[in-house]
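A short worksheet on the structure shown next.
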Amino acid sequence: MLFTLLRRAIVPQTGQKSGIADRFTFQCFSLSMRIMMKPMTQSPLNIFRTVLEWRTFRSTLPPDQFMAFVPTMGALHEGHGSLVKLAGEIAGRGGHVCASIFVNPTQFGPGEDFTRYPRPLAADVELLTKWGAQSLFAPEGEEMYPHNEPAVTVDPGPMADILEGAIRPGHFRGVCTVVAKLLHIIAPTHLLLGQKDFQQQLILCRMVMDFNFPLEVITVPTVREPDGLAMSSRNRYLNADDRAKATAIYDGLQRAAAQIHSGQRDAAVVCRTIRETIAGTGLSVDYALACHPETLQPHEPLIQGPCLLLAAARAGSTRLIDNVMA
Ligand code: AMP
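Taking our numbering, I'd label the letters of the sequence shown as residues 4 to 329.
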């Protein structure tokens with residue numbers, strides 16, 4: 004299942020043709036046709052602030068109905084929009100789309116941007132309504148963590164020790180713990196995650212499998228600004244100068260992918276291309292890696308088999324991450 008999900012995320016970027024690719028392309032086409040053909044009426048969004056409110060409502064829905072769930076931290080953009088719209092197509096006419104907004108304190112380290120993370124709830128409600136979500140679960144901190152720090156947390160496993168996990172110790176423990184809680188609360192049939200946070204979706208896929216959550220995970224391709232920058236809630240921190248420089252992350256990844264497509268197999272050469280492209284603008288590079296997309300193990304010294312290129316960089320105090328399949 005994991006490989007199929009990854010292929011779903013991979014195929015639209017590479018344009019490779021395979022049975023899965025064709026099926027994916029067809030699904031996307033028919034989904035977008037159905038999105039275009041939907042009547043333009045908007046139903047109001049039900050907003051739930053407590054677990055009890057949500058569970059009371061959830062118990063009134065038919066038990067066999069699809070429930071497609073999109074967890075977010077808010078400050079929504081079109082990247083979140085693609086998850087919510089796809090959730091609507093998956094849920095279908097009789098189904099339900101629920102998004103959550105919760106800026107989860109346990110996934111932020113000391114000195115990170117938890118307190119300044121944007122929280123434009125009214126604008127987010129408007130967007131979710133426009134994208135066709137039916138429900139929003141938006142709890143306060145005390146609702147999710149009534150005893151402050153949870154005593155029991157989810158161990159995210161060894162994939163959480165590298166890359167983002169090495170730079171942000173404890174981050175994926177916080178992510179897995181809050182997503183496990185949300186899955187128990189929302190009880191979805193489908194969970195939609197973005198390829199933009201590749202390591203996160205991989206670890207969460209493993210958590211869903213390893214803990215037997217009864218649901219399907221769908222990984223959705225990264226939505227980008229017209230100049231290629233991956234959409235992110237943190238992009239709004241960037242000043243004009245850093246915003247212009249930030250395009251170098253996707254440029255570097257694309258140049259490296261082009262090298263691989265033209266036969267370059269030396270992982271060090273490919274990673275140097277990513278680093279030099281990003282650092283050339285003055286951004287500082289946290290990591291640039293060519294790895295296997297199912298294990299995140301580096302391709303070293305040669306790139307053999309499926310290859311995911313990952314990069315993380317800092318513009319001032321703002322961290323940006325991105326990835327492409329090569
Ligand atoms: P966040 O609000 O940043 O926690 O993101 C919520 C979900 O949206 C996660 O599954 C992200 O991977 C996904 N997401 C964020 N940005 C994008 C994007 N540019 N394209 C697709 N999915 C995204």
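For glycine and all other residues, C-beta sits at the position ideal for the given N, C-alpha and C.
| Given a threshold of 16 other Cβ atoms within 10 Å of its Cβ, counted over all protein chains shown, does residue 198 qualify as buried or as exposed? | buried
| request: Sort 246, 162, 289, 171 by Cα distance to residue 3 and report the nearest one. | output: Shown here, the chain extends from 4 to 329; a query on residue 3 therefore has no answer.
| message | Under 6 Å: does the beta carbon of residue 284 sit that close to some heavy atom of the ligand AMP? | response | no
| request: Enumerate, from N- to C-terminal direction, the unbroken beta strand (DSSP E) stretches of 3 or more residues contained entirely within the region 41 to 92. | output: 49 to 51, 70 to 75
| What is the rounded straight-line gap between the Cα of residue 81 and the Cα of residue 102? | 14 Å
| Should residue 323 and residue 223 be called a contact, given that it needs their Cβ atoms to be closer than 7 Å? | no
| said: Determine whether the beta carbon atoms of residue 253 and residue 321 lie at a separation below 7 Å. | reply: no
| said: I'd like to confirm something about residue 200: is its beta-carbon nearer than 6 Å to some heavy atom of the ligand AMP, or not? | reply: yes
| query | Looking at residue 157 and residue 183, is the spacing between their C-beta atoms short of 7 Å? | reply | yes
| task | Could you tell me whether the Cβ atoms of residue 255 and residue 281 are closer together than 7 Å? | result | yes
| said: Could you tell me the alpha carbon to alpha carbon distance between residue 165 and residue 291, rounded to whole angstroms? | reply: 12 Å
| field | Limits of the unbroken beta strand (DSSP E) element including residue 234 | value | Looking at the DSSP string, residue 234 is not in any beta strand (DSSP E), and its letter there is neither H nor E.
| message | Can you give me the C-alpha to C-alpha distance between residue 316 and residue 152, rounded to a whole angstrom? | response | 30 Å
| task | Run the proximity test for residue 135: is its beta-carbon closer than 6 Å to any non-hydrogen atom belonging to the ligand AMP? | result | no
| task | Using 6 Å as the cut-off, classify the Cβ of residue 225 as near or not near the heavy atoms of the ligand AMP, replying yes or no. | result | yes
| residue 226 versus residue 86: straight-line alpha-carbon distance, rounded | 10 Å
| query | Near residue 46, which residues of its chain fall below 7 Å by C-beta distance, leaving aside the five closest residues on each side in sequence? | reply | 137
| task | Report yes if the CB atom of residue 73 is closer than 7 Å to the CB atom of residue 195, and no otherwise. | result | yes
| If you count every other CB in all the chains shown that lies within 10 Å of the CB of residue 230, and 16 or more means buried, which is it? | exposed
| said: How far does the alpha helix (DSSP H) with residue 179 in it extend, from its first residue to its last? | reply: 174 to 189
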